[in-house]
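In my numbering, the protein residues as written are 19 to 77. The beta-carbon is built from N, C-alpha and C at its ideal position, and this holds for glycine as well. Here the structure is laid out as structure tokens; the discussion comes afterwards.
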């Protein structure tokens, strides 16, 4: 259970956003560049911390 996936993004998610934002799908090179950079943009620690604060009852 410790290695169970909590959340993920896939290429279809990226292409959906690209179509909406750019009006087209990403090329292979653009997708590779996105994959290289996107992890730097996701602040996973704060996302988990903020969500814990939302769901935990306050005493």
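Which of helix, strand or coil DSSP assigns to residue i
i, result
"residue 56", "helix"
"residue 28", "coil"
"residue 43", "coil"
"residue 51", "helix"
"residue 38", "helix"
Under 7 Å between C-beta atoms of residue i and residue j
i, j, result
"residue 43", "residue 36", "yes"
Unbroken alpha helix (DSSP H) run spanning residue i, endpoints
i, result
"residue 72", "62–73"
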